[in-house]
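When you number the sequence shown by this note's numbering, it's gap-free, plus one each residue, and the end is 716.
The beta carbon of each residue, even a glycine, is placed where N, CA and C say it ideally should be.
What follows is one structure encoded as structure tokens, with my remarks underneath.
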Amino acid sequence: MYPVSEDYLEAIEKSTTTTYWYGQIKAKNGVLYSFTEDDIDSGSGRITREISSGEDLEIGSTCAAGLDLSLYLDANRYELYGAEVKLFYMLKLDSNSWETIPLGVFYIEDPPERDMGVLSIHAYDAMMRFNKDFGSTLIGNPYYMLQYACNACNVELGNTQSEIANMPNGSVDTYTYEEATISTYKDLISYIATFLGGYAYIGVDGKLYIAQYSMEPVRTIDSDWRYDYKPTDYETYYTALTAFFMVTEEEETYSTGASGGLTYDIGSNPLIQFNLDATRSAVLNNILNALSSFTYTPFKASTPCDPALMVGDVLNFTDNHAVDGKLSVITKQIISIKGGMELECSGADPNLNVLTKVQKSIKSVAKSNNKDAMYYYDFINAGSIHADDGETVKITEFNYITTKATHVDYHGQVKLVIDTTEIISEDMVSCYENDGVIKVTYKMDDSEVKEYYPVDTFTDGEVLLDLLYFFYASGNLTGVFSVYLTCEGCSFDIESGAARGYIAGAGLVGDSAWDGSVKVEDNFYKFNFSSRMHKQMTDELVSVAPQVPNGDTFSQNYKRISFSRILKSLTSAVGNVFKLHKFTVPYNAGEVTLDNTKVSDDKWVLDNTSQIGMVTTPNKTASTILYVKTINSGLNVFYIVSFDSGTTWWTYNNGWVAPDYTQDVYGMFKSTMEAITQAQWATKFTGNIMIRAVLIDSIASLTNIEIFTEEVL
């Protein structure tokens with residue numbers, strides 16, 4: 004619902020209201036035409052908005068709002084092709100003042116027709132701009148993908164990064180599956196909205212938004228404030244979903260376990276084609292949880308006009324045919340200018356056991372069995388990348404599987420904005436620019452390619468870095484190829500979409516995102532076993548397939564073995580991960596620093612008089628960081644990390660970046676921090692670590708922070 008005052012809400016409920024409509028048209032040549040409601044042909048104007056294009060309730064919808072308007076306007080109709088139209092509604096309040104509501108920003112798609120001096124205008128909002136060919140492969144979280152699409156189509160994104168991150172799957176890195184067909188950016192927006200369990204729309208400010216369905220009514224509509232109301236005798240709700248997995252060409256079904264309800268078919272959404280079953284299952288269950296969180300009563304109604312109500316708003320109808328407490332959502336809205344309003348809630352009948360297919364599924368392309376075919380897998384960075392002088396960042400990662408021994412080629416091109424470091428001369432009066440050096444490091448899995456380090460030198464400004472590498476891969480191999488850049492004597496920025504590349508090879512099966520792997524390693528000093536040890540230790544072949552860990556024990560007896568230089572007692576298998584420190588509640592003095600927080604019920608919580616609070620661990624020293632674990636209440640605790648005793652703080656988002664303190668909330672979620680790998684920690688970690696938890700509301704709570712390092716020997 005558009006934010007309005009209490010005076011507006013009181014005035015709109017009255018049986019009679021005083022309103023005024025006006026607008027303006029801005030032609031491409033800059034000429035501005037203003038019009039009032041007297042210039043609008045009587046009964047001609049209407050605005051249509053919807054978030055479900057058919058009779059079913061949808062997620063992933065990308066419906067464009069339309070404006071039909073006939074004006075008495077003295078303007079060259081050909082000059083109005085592509086013009087911007089803004090419309091406004093004013094309501095007179097009891098205080099005799101007026102409150103204005105914007106009704107949207109629209110664009111005239113075709114030259115208006117003129118008949119007897121009247122211009123007939125048909126315009127649509129900015130959703131139509133996303134009808135632009137999409138031919139890229141993206142990798143990143145949903146926010147960066149949305150930003151990339153908006154930048155490509157000249158539309159501003161209305162959601163903040165934290166808003167997207169708080170949605171189901173909002174912090175999950177995904178990719179546009181290579182063998183899927185995404186024709187336009189509008190298709191991409193639809194798949195992202197489905198991935199987030201929501202729908203897409205253009206707000207009245209002209210920006211793109213992703214929103215969620217809810218069960219929080221914004222208004223109660225009684226019989227005095229409606230002309231007609233026709234509810235259904237059933238409620239729409241979902242208890243299962245199906246999805247098509249392209250790799251196996253099989254349909255998968257997920258259920259809440261509840262009886263009845265509709266089954267939603269999301270088709271072969273290319274953002275959900277994770278090869279790791281656990282990742283795909285978690286993502287789909289998150290979408291199902293969003294679908295199963297609402298129950299609506301479909302209806303059709305005609306009411307007085309209130310443009311503050313919007314599609315996606317939840318209503319509670321009372322009196323006559325309505326059942327108080329049964330909620331409905333506006334999926335379609337038709338506003339008649341200088342008239343009333345038509346509202347509708349779509350939804351299928353679960354009693355008919357309907358399998359809804361409201362999302363148009365793209366056709367899957369079966370994987371070819373021809374091992375000699377050449378396959379290409381490309382990459383475009385969705386998020387921006389920054390590196391300071393001396394820093395190393397990863398710009399590309401390909402994960403692939405070979406069906407046969409093959410040669411693999413990598414080609415890449417990166418557009419960098421170089422800022423070279425100034426060097427002060429000996430006389431300390433003048434300074435000059437140093438040449439910036441970019442060093443390229445290739446890695447196969449986690450091992451550097453030591454025989455080949457491309458290096459190039461640049462001055463300030465935009466530069467292009469061309470990359471080429473080829474390697475031999477044996478058959479039936481799962482591998483990771485990644486590219487890192489190190490800057491010396493400069494810093495650089497890579498904008499979204501400016502790092503591009505592909506790998507190609509025969510018999511190659513690939514993903515553009517790594518959706519999960521587990522690697523355990525430890526170091527220990529050499530020790531000798533005597534000849535009296537009865538069990539022989541041998542190397543064994545490991546097959547390329549998901550492995551189930553199997554335990555093994557020594558069943559024979561052997562004499563005592565002496566270990567030396569072991570500082571930590573060996574209580575279980577060598578290679579245990581050592582907990583560097585555990586900060587829990589209740590805590591010892593000096594373990595943490597509390598800022599506007601207190602201890603209540605064995606939890607750190609926000610002080611009632613504070614707007615924000617912090618829990619900061621002391622500075623800890625370690626040789627490496629394996630991972631971090633926390634226990635907190637959910638999406639209201641954020642984390643930042645310091646590696647220099649609290650002088651500077653960092654978050655991780657496709658690389659280490661400084662927190663944006665201008666935002667109301669800043670930092671990373673628990674899931675983001677816990678997903679940081681040892682290699683990613685190593686790019687910033689210098690031997691010391693502090694963690695600060697930021698509690699942002701009164702229900703925020705934190706009970707545990709654990710930092711893990713390798714076992715000390």
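- Straight-line measurement puts the Cα of residue 687 at about 15 Å from the Cα of residue 662.
- In the structure shown, the three-state DSSP call for residue 118 is strand.
- A direct Cα-Cα distance of roughly 7 Å separates residue 311 from residue 7.
- By the Cβ neighbour-count rule, residue 128 is buried, with 16 or more other Cβ atoms within 10 Å of its own.
- Spatial neighbours of residue 288 in its own chain (CB-CB distance under 8 Å, excluding positions within 5 residues in sequence) are listed in chain order as 257.
- Our two residues, residue 464 and residue 391, have alpha carbons roughly 15 Å apart in a direct line.
- Taking residue 413 as the centre and dropping the five residues before and after it, the same chain places the C-beta of 472 and 506 closer than 6 Å to its C-beta, in chain order.
- The beta-carbon distance between residue 633 and residue 707, rounded to whole angstroms, is 6 Å. This is short enough to meet the 8 Å contact definition.
- Annotation: the segment 222-287 contains the following complete segments of the beta strand (DSSP E) (minimum length 3 residues), in chain order: 231-234, 241-248, 253-258 and 265-268.
- When the five nearest sequence neighbours on each side are left out, the beta carbons in the same chain lying within less than 6 Å of the beta carbon of residue 381 are those of 140 and 505, in order along the chain.
- For residue 470, the enclosing beta strand (DSSP E) has its first and last residue at 464-476.
- Bridge pairing for residue 417: 468 and 502 [DSSP].
- The criterion of a C-beta distance shorter than 8 Å is satisfied by residue 171 and residue 292.
- Non-local beta-carbon contacts of residue 303 in its own chain, meaning distances under 7 Å to residues more than five positions away in sequence, involve 233 and 347 in chain order.
- Annotation for residue 677: the continuous alpha helix (DSSP H) segment containing it runs 673-677.
- Residue 189 counts as buried, since at least 16 other C-beta atoms from the protein chains shown sit within 10 angstroms of its C-beta.
- Within the same chain, 502 come within 6 Å of residue 384 by CB-CB distance, once the 5 residues on both sides are set aside.
- For residue 189, the enclosing alpha helix (DSSP H) has its first and last residue at 188-198.
- The DSSP assignment places complete alpha helix (DSSP H) segments of no fewer than 4 residues inside the segment 661-712 at 673-677 and 681-685, in order along the chain.
- In the DSSP secondary-structure assignment, residue 52 is bridged to 336.
- Counting the other Cβ atoms within 10 Å of the Cβ of residue 685 gives fewer than 16, which makes it exposed.
- Residue 710 sits close to residue 631, with the two beta carbons spaced by under 8 Å.
- Sequence-distant partners of residue 167 (beyond 5 residues in either direction) whose C-beta falls short of 6 Å from its own C-beta, in its chain, are 145, 146 and 173.
- For residue 401, the secondary structure class from DSSP, reduced to helix, strand or coil, is strand.
- Of the candidates 404, 22, 238 and 47, 47 places its Cα closest to the Cα of residue 339.
- Looking from the CA of residue 333, the closest CA among 655, 298 and 75 belongs to 298.
- Counting only runs of 3 or more residues that sit fully inside the segment 101-151, the beta strand (DSSP E) segments are 101-111, 116-118, 121-127 and 141-143, in chain order.
- In this structure, residue 110 sits near residue 87, with a CB-CB distance shorter than 8 Å.
- Taking 8 Å as the cut-off, the beta carbon of residue 307 is found no closer than this to the beta carbon of residue 185.
- For the pair residue 165 and residue 323, the CB atoms are not nearer than the 8 Å cut-off.
- Between the alpha carbons of residue 659 and residue 693 lies a gap of roughly 15 Å.
- According to DSSP, residue 644 shares a beta bridge with 653 and 694.
- Straight-line measurement puts the Cα of residue 124 at about 51 Å from the Cα of residue 281.
- In the three-state scheme derived from DSSP, where H, G and I count as helix and E and B as strand, residue 42 is classed as helix.
- Per DSSP, residue 73 lies in no alpha helix (DSSP H); the unbroken beta strand (DSSP E) holding it starts and ends at 69-74.
- In the three-state reduction of the DSSP assignment, residue 61 falls in the coil class.
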